[in-house]
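Novice: A single structure is presented below for examination.
Number of protein chains: 2
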Amino acid sequence: MLIGELARRTGTTTRALRHYEDTGLLVPERTTAGYRTYAPADVARVAQIRALLDAGIGTATIRRFLGCARDGHHGTYLELCPDLRAELDAIAARMDAEQAALSARGARLAGLVTCPR
Amino acid sequence: MLIGELARRTGTTTRALRHYEDTGLLVPERTTAGYRTYAPADVARVAQIRALLDAGIGTATIRRFLGCARDGHHGTYLELCPDLRAELDAIAARMDAEQAALSARGARLAGLVTCPR
DNA sequence: CTTGACCTTCACGCCGGCGTGAACCCCTAC
DNA sequence: GTAGGGGTTCACGCCGGCGTGAAGGTCAAG
Chain U
37 MLIGELARRT GTTTRALRHY EDTGLLVPER TTAGYRTYAP ADVARVAQIR
87 ALLDAGIGTA TIRRFLGCAR DGHHGTYLEL CPDLRAELDA IAARMDAEQA
137 ALSARGARLA GLVTCPR
Chain C
37 MLIGELARRT GTTTRALRHY EDTGLLVPER TTAGYRTYAP ADVARVAQIR
87 ALLDAGIGTA TIRRFLGCAR DGHHGTYLEL CPDLRAELDA IAARMDAEQA
137 ALSARGARLA GLVTCPR
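Going line by line, the protein sequences match chains U and C.
For the first sequence, the positions run 37 to 153 when this note's numbering is used.
For the second sequence, the positions run 37 to 153 when this note's numbering is used.
So this is what it looks like as structure tokens:
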């Protein structure tokens, strides 16, 4: 299928799919005219990519571990190797830090509004 | 005082102070040679700016409401006018949304790691 | 006079996942 | 032929608070 159809089937945009190719996440075939052609399996592959992106995993990391992605009855999951586990721990730590920073900002914001009396 | 001394006194950097001028938060005098000279009161002013920035308020908003900033025994606080209150509510709402998005990402990340059995 | 610590004005880099034109080619249908 | 709905490759914009050189002027001290 062409890029437009894949975009429609996956609920993404053609721009996103091209971006996934730029970052090495998805490497479609090409017609003689240069058109990208995707395999039916790429629909599931894009769904996996979206699941990982939505989980806060960056494209650079996804590129290295997309092969570890599997699909179960609860949705996408990851087959953990030590490297991947370490990476996910780092991501989780980063997210915890962001959470802490955000709630600290929230507290400070509230502090600015409290009536000084 | 010159920009370096103000930076030292406020614990910021000269780059940050110049940036505050670029965005209209702080408008120092100039010597004949073009050097920025700051009044002693600017030390407190920078502290207020830092307090607002650390609370998640952007420079554009600070520029409009820096005049509402006061200093109490609990630190900086804001004298609320209706416009400012609306603005702060919007910022708080944005932060709540970010919090929700972040914890959703965290849940998805955890979901990817759970053993599928 | 010279060193050296100060200051000045540009102006790009960062972080990341795309959005958004611009300018152009491919193919089908009328 | 031509209209139109695909596709293609650049390449900058965004969001924001600065970091980080680069190239050069200012001024007190030795």
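In this text, a Cβ means the ideal position worked out from N, Cα and C, and glycines have one as well.
For residue 49 of chain C, count neighbouring Cβ atoms within 10 angstroms of its own Cβ and tell me buried if that reaches 16, exposed if not.
Specialist: exposed
Novice: By how many angstroms is the C-alpha of residue 137 of chain C removed from the C-alpha of residue 116 of chain U?
Specialist: 25 Å
Novice: State yes or no: is the beta carbon of residue 82 of chain U nearer than 8 Å to at least one beta carbon in chain C?
Specialist: no
Novice: Do the CB positions of residue 16 of chain C and residue 61 of chain C come within less than 8 Å of each other?
Specialist: The structure shown does not extend to residue 16 of chain C, since chain C is modelled only from 37 to 153, so the question has no answer here.
Novice: Pull up the distance between the alpha-carbon of residue 80 of chain C and that of residue 127 of chain C, whole angstroms please.
Specialist: 24 Å
Novice: Could you confirm whether any beta carbon from chain U is found closer than 8 Å to the beta carbon of residue 131 of chain C?
Specialist: yes
Novice: DSSP on residue 60 of chain U, reduced to helix/strand/coil?
Specialist: coil
Novice: Start and end of the alpha helix (DSSP H) containing residue 142 of chain C?
Specialist: 118–149
Novice: Go to residue 75 of chain C, then tell me how far its alpha helix (DSSP H) extends in each direction, as first and last residue.
Specialist: Unbroken run through residue 75 of chain C: none, as it is neither H nor E.
Novice: Taking the straight line between their C-alpha atoms, what separation do you get for residue 65 of chain C and residue 72 of chain C?
Specialist: 6 Å
Novice: Which word fits residue 46 of chain C, buried or exposed, when buried means at least 16 other C-beta atoms lie within 10 angstroms of its C-beta?
Specialist: It counts as buried.
Novice: Skipping 5 residues on each side, what residues in its chain have a beta carbon closer than 8 Å to that of residue 57 of chain C?
Specialist: 63, 64, 72
Novice: Find the residues of chain C that neighbour residue 39 of chain U, judging by a C-beta separation of less than 7 Å, and give them in chain order.
Specialist: Within chain C, no residue comes near residue 39 of chain U; the closest Cβ sits about 26 Å away, beyond 7 Å.
Novice: My parser needs the alpha helix (DSSP H) runs of 4 or more residues fully inside the stretch 84–110 of chain C; what are they?
Specialist: 95–101
Novice: What residue does the alpha helix (DSSP H) around residue 40 of chain C start on, and which one ends it?
Specialist: Unbroken alpha helix (DSSP H) run through residue 40 of chain C: 39–46.
Novice: Verify the CB distance criterion: does residue 111 of chain U have a CB-CB separation below 8 Å to chain C?
Specialist: yes
Novice: Do you know offhand how far residue 76 of chain U's Cα is from residue 144 of chain C's?
Specialist: 25 Å
Novice: Give the DSSP-derived three-state secondary structure of residue 50 of chain U in the structure shown.
Specialist: Three-state result, residue 50 of chain U: helix.
Novice: Whole angstroms is fine: what's the gap from residue 92 of chain U's alpha carbon to residue 90 of chain C's?
Specialist: 24 Å
Novice: Residue 170 of chain U: which of U:120, U:107, U:84 sits nearest, CA to CA?
Specialist: As displayed, chain U neither begins before 37 nor continues past 153, which places residue 170 of chain U out of reach and without an answer.
Novice: Please determine, among C:70, C:69, C:107, C:74, the residue with the shortest C-alpha to C-alpha distance to residue 40 of chain C.
Specialist: C:74
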